[in-house]
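Visitor: Okay, handing you the structure first.
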Amino acid sequence: MCGIVGYVGPRDVVGVLLDGLRRLEYRGYDSAGVAVVNGGRVLGSKRVGKLANLEEVLVKTPLHGSAGIGHTRWATHGRPSDTNAHPHLDCKGRIAVIHNGIIENHAALRASLVKKGHTFASETDTEVVAHLLEDLYTGDLVAAVRETLKAVSGAYALGVLCADAPDQLVFARNGASPLIIGLGDGETFVASDIPAILNYTRRELIVQEGEVVVVTRDGATISTFNGAHVQREITNINWDVRSAEKGGFKHFMLKEMYEQPKVVKDTLVGRLRTDGSIDLSELGLSESRLRSLHKISIFACGSAFYAAAYGMYLIRQLAKLPVELELASEFRYSEPVLDKNTLAIAVSQSGETADTLEAVRIAKEGGASLLAVTNVVGSALARTADATLFMQAGPEIGVAATKTFTAQCVDMALFAMHLARVRGTIDSGTLDGLGQALRDLPSFVDQALNVNDEVVPVARRIAPASTMLYLGRHVNFPIALEGALKLKEISYIHAEGYAAGEMKHGPIALLDASVPVVVLATKGPVQEKILSNMAEAKARDSRIIAVANPHDDMAIENADVVFTVPETHHLIQPIVNVVPLYLLAYHIADHKGCDVDQPRNLAKTVTVE
Ligand code: GLU
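As structure tokens, then:
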């Protein structure tokens, strides 16, 4: 996890580093720190807590230099504190290191370095890298980095600067820790993620696993750990800078929720033809390959897992294929049975989620082909996959996913429809109906956002609750799970998403007047069933908040509050239904004064296991 940045060039180095860190803070906010080279010395500053704490120090005691590195931490080894904050220094204070990830053999390395006389200042795994470098440095920083990499194991992105090299930074990447180099004119930028450098340049080199990068004002040279030169093509990023900023909204999360109609539209562009048919030729998965499949295996983590679950229902129902769904963190240890007739689908917003990448490795070893659903071009997942369905969601800064979940669901729906058509398992009437529903979707998601003003007072009333239940059935079950997860993540209220039919097997015991129950009660084949579950909850005095279609008296009857959303095809309806659940979680969290964009203990991209 964490965000790292680097800069070599004529601008105010610390200013550039702080600007980058600000845009990366969603990746970790336990502490922040910077180090620069100045007049043959390394100067640094670091503070526990949010970036603002560091900024305050730097206003009072400014730092200047010719090259610098910066870090926002998501602690894995050692609690958040000033001393555990990065950068970490060697004993002489001449080498500074920032690190994203985990050095797995840190304990043994630390023990042997201490034996050699090194003194450690922090409890982190990272600090061993600084001392190893000190041990191995004989005047050539790059050579010392290469030697150090031989000694460390684990997943990391590392950034190093040295007092002797005023215009040079060295970075290395191993495993799922993204690293991007931004090429400017006489200046070079480094960051864990694109938005951090979008203001300066759009010409980027994407560093891959097992690579070392030497960064100077004139650009970057990439090589393998063994020193073989790597020629990397420049990627031109077309993301809009403004879309990575708050644009007048109180929080990124709120802004990103309001971007959902556009994201849905962008995700459909070029894929949904005006006649409602689907064109996924971009995938490069041949029709004969799709017809030969015996099974689909989908895995993901967090919100992406719920989008994957939605996809499972659609693929099974429309393409009549067996679908296995598993959390990536479980899949990797579950000895899955796969073969060449299996298509594995990995869903990950960042394309860098460590558990998902490991599951991908296992799926490929098992002989499966891999379809990636991700938002990030050039991500590890996109590079590994045989085919990729991009989400077109743009940068998502709020730690809690919203618009990327919506986009993932759209991708899953498109793929299920495509697969069903190719396999001949869907009649043209159903396909047309679904195509029409997708065409309507941007506008329906937009209309669903109109409930915002009604959500605010309801959120205020509910905010004191300590537990909430979210109920859905069939395709709305993953939406119930996603709604509950969002509430937990940003408001710290305990919530459970449940398949409504399971209520009677346990969770109904939780219900009384203090437990609000959110019910996804829109029209569809299981609506009567869910309305019975709603009545059962009402009979236990729970306050019922229903998401329902307009003028649906049956759904409205037992509800205390109804958020109405436009009616569409029941298989597409969940993508509309999630909107009020996001607004509800957001306004509850905001009312409670929670840090919506950067909830405690979380980080956006989980690049550790
Ligand atoms: N493992 C390192 C630490 O705990 C780096 C964590 C990170 O990626 O922020 O300091």
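Quick note on the numbering used here: the sequence shown kicks off at 736 and runs consecutively.
Every residue gets a Cβ at the ideal spot worked out from N, C-alpha and C, and that includes glycine.
Source: prediction; values computed, not measured.
1) Rounded to the nearest angstrom, what separates SER1178 and LYS1000 at their Cα positions?
2) For ARG808, verify whether its CB is less than 7 Å away from any heavy atom of ligand 1.
3) Does ligand 1 have a heavy atom nearer than 7 Å to the CB of ASN835?
4) What does DSSP give as the partner residue(s) for GLY954 in the beta ladder?
5) Could you name the residues that DSSP lists as bridge partners for PHE1212?
6) Name the DSSP beta bridge partners of PHE924, please?
7) With a threshold of 8 Å, are at least 3 pairs of Cβ atoms found where one atom belongs to the stretch 1261 to 1280 and the other to the stretch 1002 to 1018?
8) Can ASN788 be considered in contact with ligand 1, in the sense that its beta carbon sits closer than 7 Å to one or more heavy atoms?
9) Around the Cβ of TYR1068, are there at least 16 other Cβ atoms within 10 angstroms (buried) or fewer (exposed)?
10) Which ranges does the alpha helix (DSSP H) cover as unbroken runs of at least 4 residues, wholly within the stretch 1065 to 1143, from first to last along the chain?
11) Determine whether the beta carbon atoms of GLY917 and ARG952 lie at a separation below 8 Å.
12) Near GLY1207, which residues of its chain fall below 6 Å by C-beta distance, leaving aside the five closest residues on each side in sequence?
13) Report the rounded CA-to-CA distance for SER857 versus VAL887, giving the unit in angstroms.
14) In the DSSP assignment, the alpha helix (DSSP H) including MET988 goes from what residue to what residue?
15) Compute the Euclidean distance between the alpha carbons of VAL1072 and SER1083, then round it to the nearest angstrom.
16) DSSP has THR970 in a bridge; who is on the other side?
17) Quickly, what does DSSP pair SER1032 with across the bridge? List them, please.
18) Would DSSP call ALA965 helix, strand or coil?
19) Ignoring anything shorter than 3 residues, give me the beta strand (DSSP E) runs that lie fully in the stretch 1175 to 1226, in order along the chain.
20) Consider the C-beta atom of ASN819 and the heavy atoms of ligand 1; say whether any pair is separated by less than 7 Å.
21) Taking the alpha-carbon positions, what's the LEU1166 to SER1012 distance?
22) If we count Cβ pairs, one from each stretch, closer than 8 Å, do we get three or more for the stretch 1321 to 1334 versus the stretch 754 to 766?
23) What is the rounded straight-line gap between the Cα of THR994 and the Cα of GLU1131?
24) List the endpoints of the continuous alpha helix (DSSP H) containing SER888.
25) Are the beta-carbon atoms belonging to ASP928 and GLY738 less than 8 Å from one another?
26) What I want to know is whether the C-beta of THR1088 ends up closer than 7 Å to one or more non-hydrogen atoms of ligand 1.
27) Checking the sheet assignment: what are the DSSP bridge partners for LEU904?
28) Keeping to the same chain, check which residues put their C-beta closer than 6 Å to that of VAL1261; ignore five residues upstream and five downstream.
29) Do MET1126 and ALA1151 have their C-beta atoms closer together than 8 Å?
30) Count the other CB atoms, across all protein chains shown, that sit within 10 Å of the CB of PRO1285; report buried if there are 16 or more and exposed otherwise.
31) By a C-beta neighbour count over all protein chains shown, 10 Å radius and 16 as the cutoff for buried, is VAL794 buried or exposed?
32) Is the beta carbon of VAL777 sitting closer than 8 Å to the one on GLY828?
33) Using 8 Å as the Cβ pair cut-off and three pairs as the minimum, do the stretch 1239 to 1250 and the stretch 1198 to 1205 touch?
34) Just reading off the beta strand (DSSP E) that PHE1298 is part of, what are its end residues?
35) Alpha carbon to alpha carbon, what distance is there between VAL948 and PHE906?
36) Bridge partners for TYR1233 per DSSP, in chain order?
Guide: By the coordinates alone:
1) Between SER1178 and LYS1000, the C-alpha separation is close to 9 Å.
2) Yes, since a heavy atom of ligand 1 falls inside the 7 Å radius drawn around the Cβ of ARG808.
3) Yes - ligand 1 has a heavy atom lying nearer than 7 Å to the Cβ of ASN835.
4) GLY954 is bridged to THR951.
5) Answer is none; PHE1212 lacks a bridge partner.
6) TYR742 and GLY917.
7) Taking a contact to require three or more Cβ pairs closer than 8 Å, the stretch 1261 to 1280 and the stretch 1002 to 1018 do not qualify as touching.
8) Relative to ligand 1, the beta carbon of ASN788 is positioned no closer than 7 Å to any heavy atom.
9) Its Cβ having fewer than 16 others within 10 Å, TYR1068 is exposed.
10) Taking 4 residues as the shortest admissible run, the stretch 1065 to 1143 contains the following complete alpha helix (DSSP H) segments, listed from N- to C-terminal end: 1089 to 1100 and 1115 to 1119.
11) For the 8 Å CB-CB criterion, GLY917 and ARG952 do not form a contact.
12) Cβ neighbours of GLY1207 within its own chain (closer than 6 Å, five residues either side excluded): ILE1214, ALA1215 and LEU1255.
13) Between SER857 and VAL887, the C-alpha separation is close to 18 Å.
14) Unbroken alpha helix (DSSP H) run through MET988: 987 to 993.
15) Straight-line Cα distance between these residues: approximately 22 Å.
16) For THR970, which the question treats as bridged, DSSP gives the partners GLU939.
17) Paired residue(s): GLU1059 and ALA1079.
18) It should be noted that the sequence gives Val, not Ala, for residue 965. Note: VAL965 maps to strand in three-state DSSP.
19) Every beta strand (DSSP E) stretch that sits fully inside the stretch 1175 to 1226 and reaches 3 residues is listed by chain position as 1202 to 1207.
20) Under cutoff, so the answer is yes.
21) Within the model, the alpha-carbon separation for LEU1166 versus SER1012 is close to 8 Å.
22) By the C-beta criterion, the stretch 1321 to 1334 is judged to be in contact with the stretch 754 to 766, since at least 3 inter-stretch pairs fall below 8 Å.
23) A small correction: the amino acid at residue 994 is Glu; Thr does not occupy that position in the sequence shown. Going by C-alpha positions, GLU994 is about 10 Å away from GLU1131.
24) Membership of SER888 in any alpha helix (DSSP H) is not indicated, and neither H nor E is assigned to it by DSSP.
25) In contact: ASP928 and GLY738 (Cβ atoms closer than 8 Å).
26) No.
27) In the DSSP output, where bridge partners are listed per residue, LEU904 has VAL950.
28) Closer than 6 Å at Cβ, skipping near neighbours: ARG1208 and HIS1209.
29) Not a contact, by the Cβ cut-off of 8 Å.
30) Exposed: under 16 other Cβ atoms inside 10 Å.
31) Exposed is the call here.
32) Inclusion of VAL777 and GLY828 in the CB contact set at 8 Å is warranted, their separation being smaller than that value.
33) They touch, by the three-pair rule.
34) Boundaries of the beta strand (DSSP E) around PHE1298: 1296 to 1299.
35) Inter-residue distance for PHE906 and VAL948 is about 5 Å (C-alpha atoms, whole angstroms).
36) The partner list for TYR1233 (beta bridge, DSSP) reads LEU1206.
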